[in-house]
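First up is the structure itself, then whatever we jot down about it.
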Amino acid sequence: GEGEGEGEGEGEGEACSNAWFPVDVEGWTKTFALSGSEGNTGTRTESSTGLLSSHPESSTGEVYGLSIDLQTSAWSYTIVQSIGCDTHGEGVFFHDYAGDWSIMLYDIFEVTGTVETDLSPSRQLLPPEYAVGATGNWNYSYTSTFVTETEYGSGSSTVETSTMSYNGTYTETGFETITLATGDTVDAYVLTNEFTASGTPPIGFPIPAAGSIKQWFVKGLGLVRQVTSEDGTDETFTRELESYSGLTVIE
Numbered sequence: 001g002e003g004e005g006e007g008e009g010e011g012e013g014e015a016c017s018n019a020w021f022p023v024d025v026e027g028w029t030k031t032f033a034l035s036g037s038e039g040n041t042g043t044r045t046e047s048s049t050g051l052l053s054s055h056p057e058s059s060t061g062e063v064y065g066l067s068i069d070l071q072t073s074a075w076s077y078t079i080v081q082s083i084g085c086d087t088h089g090e091g092v093f094f095h096d097y098a099g100d101w102s103i104m105l106y107d108i109f110e111v112t113g114t115v116e117t118d119l120s121p122s123r124q125l126l127p128p129e130y131a132v133g134a135t136g137n138w139n140y141s142y143t144s145t146f147v148t149e150t151e152y153g154s155g156s157s158t159v160e161t162s163t164m165s166y167n168g169t170y171t172e173t174g175f176e177t178i179t180l181a182t183g184d185t186v187d188a189y190v191l192t193n194e195f196t197a198s199g200t201p202p203i204g205f206p207i208p209a210a211g212s213i214k215q216w217f218v219k220g221l222g223l224v225r226q227v228t229s230e231d232g233t234d235e236t237f238t239r240e241l242e243s244y245s246g247l248t249v250i251e
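Going by the numbering used here, 142 is the number at position 142 of the sequence shown; the sequence numbering is gapless.
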């Protein structure tokens with residue numbers, strides 16, 4: 001599970017890092033192709049924004065910014081996630097995110113806005129580097145609080161607060177040798193996240209009520225592939241690494 005011990009605070013020896021989620025490495029960019037079984041396509045670009053030394057969780061470990069720009073025909077967002085290393089015991093943790101979003105309603109008019117989301121408690125994304133492949137599984141249960149500002153074409157805007165509760169289990173399913181769209185043949189660490197969600201999502205945000213997320217991670221690159229399946233439907237949504245720079249596969 002969660003591991004034990006606490007991370008090192010700033011200025012206390014070597015900074016925390018995890019090569020399976022290299023958010024602590026600066027200057028890299030990853031681009032993913034997005035595709036859905038319903039024909040939805042798009043791109044997602046990620047990059048590290050460096051250490052967030054003023055983040056509230058930085059007193060127990062390092063917190064780094066992960067910038068995400070997602071563009072599809074139906075909706076888009078540009079956000080920064082706060083990712084902690086050894087902030088709640090050992091491992092990689094997802095704390096919060098904030099940014100701008102845009103959706104097309106009824107394929108007719110665009111609605112834009114901002115969102116700030118806090119996870120309480122934070123969700124563990126990965127075990128510590130030394131325990132990858134030897135952890136088995138871990139559970140999570142948290143509430144996301146969304147503060148969403150919606151801006152309409154008329155110049156008016158509204159601010160709403162909503163919450164969603166998430167429960168789930170990450171299960172390690174071993175390692176697979178896969179070939180990426182980049183041409184790399186790599187050994188990938190595979191996780192399956194079975195989840196349920198309840199509550200009120202922000203306007204237009206596609207959040208399934210239950211499903212599974214299968215993820216492939218490569219040491220040195222981090223996440224390279226993700227397939228989300230919604231329970232009760234045949235619909236899937238795939239994120240596939242297309243290109244990267246500033247990162248190197250670690251054998």
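Ideal Cβ positions, reconstructed from N, Cα and C, are used throughout, including at glycine.
Around the Cβ of residue i, are there at least 16 other Cβ atoms within 10 angstroms (buried) or fewer (exposed)?
{"i": "F32", "result": "buried"}
{"i": "N18", "result": "buried"}
{"i": "G13", "result": "For G13, the predicted structure reports a pLDDT of 43, less than 50, and the residue's modelled location is therefore unreliable. A value from the coordinates is still provided. It is exposed - the Cβ of G13 has fewer than 16 other Cβ atoms within 10 Å."}
{"i": "V159", "result": "exposed"}
{"i": "G61", "result": "buried"}
{"i": "I250", "result": "exposed"}
{"i": "G155", "result": "exposed"}
{"i": "E90", "result": "buried"}
{"i": "L105", "result": "exposed"}
Could you check the C-alpha separation between residue i and residue j for me, to the nearest Å?
{"i": "F109", "j": "T72", "result": "15 Å"}
{"i": "T87", "j": "D107", "result": "42 Å"}
{"i": "L241", "j": "G183", "result": "11 Å"}
{"i": "P202", "j": "W20", "result": "31 Å"}
{"i": "G84", "j": "V92", "result": "6 Å"}
{"i": "S245", "j": "Y97", "result": "24 Å"}
{"i": "E6", "j": "K30", "result": "With a pLDDT of 33 at E6, under the threshold of 50, the modelled position of this residue cannot be trusted, and the question is left open."}
{"i": "G232", "j": "S54", "result": "42 Å"}
{"i": "D187", "j": "M164", "result": "35 Å"}
{"i": "Q81", "j": "G50", "result": "11 Å"}
Using CA atoms only, rank isn't needed, just tell me which of the options is closest to residue i.
{"i": "T112", "options": "P201, E149 and I207", "result": "E149"}
{"i": "T196", "options": "D184, P202, T182 and S212", "result": "S212"}
{"i": "T248", "options": "G65, C16 and E26", "result": "E26"}
{"i": "T45", "options": "P121, S76 and T236", "result": "S76"}
{"i": "G191", "options": "Q226, I79, T233 and D231", "result": "Checking the displayed sequence, the identity of residue 191 turns out to be Leu instead of Gly. Minimum Cα distance to L191 is reached at Q226."}
{"i": "L70", "options": "R239, S58, Y130 and T161", "result": "R239"}
{"i": "G153", "options": "I103, P121, S165 and W28", "result": "I103"}
If you drop the 5 nearest sequence neighbours on each side, which residues of the same chain put their C-beta closer than 7 Å to that of residue i?
{"i": "G136", "result": "E172"}
{"i": "E129", "result": "N18, A19 and W20"}
{"i": "L221", "result": "Y244, L247 and V249"}
If you drop the 5 nearest sequence neighbours on each side, which residues of the same chain put their C-beta closer than 6 Å to that of residue i?
{"i": "K214", "result": "T192 and V227"}
{"i": "V147", "result": "E116 and T161"}
{"i": "T78", "result": "D69, G99 and D100"}
Once the 5 residues before and after residue i are set aside, which same chain residues still bring their CB inside 8 Å of it?
{"i": "E235", "result": "G36, S37, E38 and S229"}
{"i": "Y140", "result": "R123, Q124, Y166, N167, G168, T169 and Y170"}
Beta strand (DSSP E) runs contained entirely in the region 153-231, provided each spans 3 or more residues: The qualifying runs are 157-179, 185-199, 210-218 and 222-230.
List, from N- to C-terminal side, the beta strand (DSSP E) runs of 3 residues or more that fit wholly inside the region 101-163. Listed in chain order, the complete beta strand (DSSP E) runs (minimum 3 residues) inside the region 101-163 are 109-126 and 137-151.
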